[in-house]
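Protein chains in written order, with this note's numbering: chain A, 1 to 318; chain B, 319 to 586; chain C, 587 to 829.
We put the beta carbon where it would ideally sit given N, CA and C, even for glycine.
Before any comments, here is the structure.
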């Protein structure tokens with residue numbers, strides 16, 4: 001159940017929310033739409049769902065043109081950031097809703113609800129009301145509800161955004177495992193690059209309505225297409241006019257070709273690594289990440305002056 | 319500390335005094351006066367044929383006006399909160415208008431419109447439909463004055479709930495009717511109920527507009543409220559009191575319902 | 587359904603030409619009725635403003651047994667038919683008054699009746715504002731050295747003002763158009779205790795629709811004006827909440 005997004009544009013008044021975005025989502029994959037607020041990622045997701053109409057472009061789902069099709073006929077499951085739980089229905093009724101409106105036989109509905117309650121680990125809570133559940137439980141219910149009618153595509157809009165950090169991390173892992181079991185084509189929106197890197201097969205980075213880069217987490221980290229992607233995905237430093245990742249920053253005891261002078265202001269030991277914060281001649285901050293071995297080899301201390309150089313192969317010229 | 323206690327007691331005194339002088343005192347006196355001579359005379363006054371007819375008429379009008387305004391209120395609220403259309407502000411203002419308008423003005427407007435020389439009056443006359451001085455005009459007048467209540471209760475609730483649940487329902491495959499019936503309506507039900515209670519109270523108590531359009535024909539177009547006036551004019555104070563007590567008891571029932579329902583509206 | 591009758595009203599009022607409209611509006615009885623109406627309505631509105639705010643304060647900030655009953659009573663004028671209200675006021679403050687107060691057939695009775703029907707308005711518009719008031723704002727004021735009174739005047743009162751004003755506007759609109767509760771206790775004496783609504787009714791009964799319509803249009807205009815001002819107050823009140 002692949003998705004093809006072709007030249008989608010959406011304007012809200014004078015503001016261009018989505019600017020000529022094209023993207024392919026392979027059947028069964030987990031794609032993240034990553035970007036800061038206002039980048040258009042949620043709008044794009046809602047266009048895929050049919051909750052909003054594009055001004056230009058096409059959405060193809062499973063090879064068929066879905067652009068003019070209303071959401072109820074698209075076969076998409078949607079999970080909302082603030083759950084959108086049907087507050088006046090029990091958890092079981094919430095999950096059963098998609099099946100009830102399709103008038104499935106009662107026995108079938110009952111079995112499917114049981115199956116899903118088990119899948120999302122909410123067994124025994126079927127008779128509770130959403131207000132009695134925790135945030136994490138409500139979102140798992142939201143997922144079960146979306147999956148119940150066996151959609152071709154699963155869309156999640158910042159699904160863990162309303163939850164606290166620990167629950168977020170748990171659910172993130174849980175989503176990955178779920179995807180391994182269920183294999184439905186999934187697209188989710190997030191502003192958290194760590195989340196995207198950890199969960200997704202493919203990440204589409206968006207900024208101000210533009211699609212900046214699409215690739216695997218590794219591609220985005222190692223081969224960022226532009227300054228925005230480099231800064232947004234993973235950390236980036238500016239050393240001598242180029243951008244370089246912290247662990248690609250080389251520290252040298254003496255001046256060398258292409259190295260600039262900098263003073264160490266802080267050293268933090270992080271398990272296996274050493275984080276060294278430096279200020280260059282202009283006072284700008286540089287963060288270098290060394291292995292512990294290398295750190296001890298160099299015998300570095302706070303206040304020391306060293307020379308800093310980016311490893312040539314891993315830089316980006318902004 | 320003492321000063322604070324004093325000011326608190328002082329405020330309480332003012333508030334309670336206000337309420338007693340204006341509300342509670344008068345009502346208590348009427349209760350007393352009505353049953354001063356025992357239960358029987360009051361009962362007799364209430365059960366004369368004209369009075370019974372008056373109550374029936376009030377109930378019939380209410381039974382028509384309330385459902386009409388409930389449906390209208392829900393539809394209008396949905397349109398105002400969820401849709402964009404030209405003239406929305408005007409609709410909103412018009413809904414509030416009956417609250418600010420004198421009932422006599424309402425009655426007069428209907429009178430002019432549907433009366434013999436009025437715009438629609440001629441047409442009605444031709445088809446031999448009796449509007450004024452008969453049930454239809456009284457129903458229309460009552461609908462007019464009790465129009466706003468359901469809409470005004472539902473609108474803020476709809477605004478607060480937002481339409482995410484409806485969006486979720488759509489992605490799950492529900493069509494418009496299913497979404498409305500299974501999702502929208504249940505989520506506004508307490509607001510609707512509260513609005514219905516207010517509407518009912520208004521219908522039961524309507525006087526001014528109905529007084530103008532009904533012609534106040536005893537035994538025919540006299541509602542309970544009009545009957546109170548009639549008994550007073552006929553120097554039957556006891557009768558007037560008796561009917562008033564009956565209406566006041568209904569009002570207290572409404573109050574109780576309002577108090578019970580109001581907090582529920584907030585939780586959901 | 588709403589628009590047509592209003593239109594008919596305006597049409598009738600002006601049907602005999604603007605001269606006759608003006609004549610009708612400025613007839614001595616009509617003018618007197620209007621003056622009485624506006625005068626008493628203003629007085630009642632102001633009284634309600636003060637007393638209503640105090641009552642709302644007591645209901646929100648104070649605690650005592652039976653508070654929920656008192657709270658419920660406030661809505662009585664909403665639920666009670668106006669004619670019954672008039673009758674009950676007559677019982678206590680009229681010729682057969684057990685406590686010897688008789689204000690029937692005087693202007694005071696107009697004020698009394700209007701106060702009855704408009705009692706809930708200010709209380710109910712101020713209560714929610716008072717309830718939503720963030721106690722931390724007051725605590726901040728206290729911690730900065732403001733006395734209770736100063737805090738009320740500079741911090742609480744301005745926050746309550748929009749609620750009070752819209753309650754006043756609603757009360758005014760209701761008072762101006764009040765009919766049922768006045769019919770019995772005031773005696774409807776022209777030039778003395780006859781308000782505009784009663785005057786209009788009288789004109790209808792005697793078949794003078796044009797005069798009635800003219801006066802009605804005046805009341806209509808007042809109602810519209812009041813509604814508009816409520817809208818303006820609401821927009822003004824939320825100006826700090828909008829982005």
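Report task. Report the three-state DSSP secondary structure of residue 7 of chain A (helix, strand or coil). Result -> strand
Query raised in the report: Which word fits residue 7 of chain A, buried or exposed, when buried means at least 16 other C-beta atoms lie within 10 angstroms of its C-beta?
Result: Answer is exposed; the Cβ neighbour count stays below 16.
**Report entry** Sub-8 Å separation of residue 700 of chain C and residue 764 of chain C beta-carbons
**Finding:** Their beta carbons are under 8 Å apart, which means residue 700 of chain C touches residue 764 of chain C by this criterion.
Query - Neighbour list for residue 488 of chain B in chain C, Cβ cutoff strictly below 9 Å - result: Here the premise fails: no neighbours, minimum Cβ distance about 29 Å.
Query raised in the report: So does residue 428 of chain B have its beta carbon nearer than 7 Å to some heavy atom of the ligand NAP?
Result: In terms of ligand content, the structure shown is empty, and the ligand NAP therefore cannot be addressed.
Query raised in the report: Using the C-alpha atoms, what's the distance from residue 106 of chain A back to residue 202 of chain A?
Result: Those two C-alpha atoms are separated by around 39 Å.
Query - From A:260, A:247 and A:286, residue whose alpha carbon lies closest to that of residue 272 of chain A - result: Looking only at A:260, A:247 and A:286, the smallest Cα-Cα distance to residue 272 of chain A is reached by A:247.
Query - residue 426 of chain B to residue 531 of chain B span [Cα, whole Å] - result: 8 Å
Query - Beta-carbon neighbours of residue 565 of chain B, restricted to chain C and to distances below 9 Å - result: 666, 667, 669 and 670
Query raised in the report: Can you list, in chain order, the stretches of the alpha helix (DSSP H) that have 4 or more residues and sit fully within the segment 171–235 of chain A?
Result: 193–199, 217–222 and 227–232
Query - Complete runs of the alpha helix (DSSP H) confined to the segment 84–165 of chain A [at least 4 residues] - result: 91–100, 106–119 and 135–147
Query raised in the report: Rounded to whole angstroms, how far is the Cβ of residue 90 of chain A from the Cβ of residue 142 of chain A, which I believe are closer than 8 Å?
Result: Between residue 142 of chain A and residue 90 of chain A the Cβ distance is about 14 Å, and since that is not below 8 Å, they are no contact.
Query raised in the report: What in chain B is Cβ-close to residue 658 of chain C, meaning under 8 Å?
Result: 573, 574, 576 and 577
Query raised in the report: Got a sec, what are the start and stop residues for the alpha helix (DSSP H) residue 669 of chain C sits in?
Result: 668–679
Query raised in the report: Using 8 Å as the limit for Cβ to Cβ distance, is residue 128 of chain A near chain B?
Result: no
Query - Secondary structure of residue 701 of chain C, DSSP reduced to three states - result: helix
Query - Backbone secondary structure at residue 767 of chain C - three-state DSSP - result: The answer is helix: DSSP assigns residue 767 of chain C an H, G or I state.
Requested in this report: Give me the Cα-Cα distance between residue 621 of chain C and residue 695 of chain C, rounded to the nearest whole angstrom.
Outcome: 16 Å
Query raised in the report: Buried or exposed: where does residue 672 of chain C fall if 16 or more other Cβ atoms within 10 Å of its Cβ makes it buried?
Result: So residue 672 of chain C counts as buried.
Report task. Closer than 8 Å by C-beta to residue 386 of chain B: which residues in its own chain qualify, once you throw out the five before and the five after it? Chain order, please. Result -> 461
Query - Alpha-carbon to alpha-carbon, residue 542 of chain B and residue 664 of chain C - result: 17 Å
Query raised in the report: Using a Cβ-Cβ cut-off of 6 Å (strictly less than) and excluding sequence neighbours within five positions of residue 525 of chain B, which residues of its own chain qualify?
Result: 543
Query - Close Cβ partners of residue 521 of chain B (< 7 Å) along its chain, the five nearest in sequence each way excluded - result: Within the same chain, and ignoring the five residues on either side of residue 521 of chain B in sequence, the residues whose Cβ sits closer than 7 Å to its Cβ are 379, 380, 383, 384, 460 and 464.
Query raised in the report: Hey, how far is the Cα of residue 507 of chain B from the Cα of residue 715 of chain C?
Result: 25 Å
Requested in this report: Rounded to whole angstroms, what's the CA-CA distance from residue 751 of chain C to residue 819 of chain C? Just pull it up for me.
Outcome: 7 Å
Query raised in the report: Is the CB of residue 822 of chain C under 8 Å away from at least one CB in chain E?
Result: This model lacks chain E altogether, as its protein chains are A, B and C.
Query raised in the report: To the nearest whole angstrom, what separates the beta carbons of residue 184 of chain A and residue 212 of chain A, a pair I think is in contact under 8 Å?
Result: Wrong, their Cβ atoms sit about 27 Å apart, outside the cutoff.
Query raised in the report: For residue 770 of chain C, which residues from the same chain have a beta carbon less than 8 Å from its beta carbon, with the 5 sequence-adjacent residues on both sides left out?
Result: The residues are 669, 672, 673 and 676.
Query raised in the report: Any idea which residues DSSP pairs residue 518 of chain B with across the strands?
Result: Its beta-bridge partners do not exist; DSSP assigns none.
Query raised in the report: At least one CB of chain B closer than 8 Å to the CB of residue 775 of chain C: is that the case?
Result: no
**Report entry** Below-8 Å beta-carbon distance, residue 145 of chain A vs any chain B residue
**Finding:** yes
Report task. In the DSSP assignment, find the unbroken alpha helix (DSSP H) run with residue 820 of chain C in it and report its ends. Result -> That run of the alpha helix (DSSP H) goes 795–823.
Query raised in the report: When you compare only the Cα positions, how much space is there between residue 558 of chain B and residue 467 of chain B?
Result: Between residue 558 of chain B and residue 467 of chain B, the C-alpha separation is close to 29 Å.
Query raised in the report: Under a three-way DSSP split, which group does residue 284 of chain A fall into?
Result: coil
Requested in this report: Identify which residue in B:492, B:534 and B:482 has its Cα closest to the Cα of residue 87 of chain A.
Outcome: B:482
Query raised in the report: Just the Cα atoms here: how many angstroms apart are residue 421 of chain B and residue 808 of chain C?
Result: 14 Å
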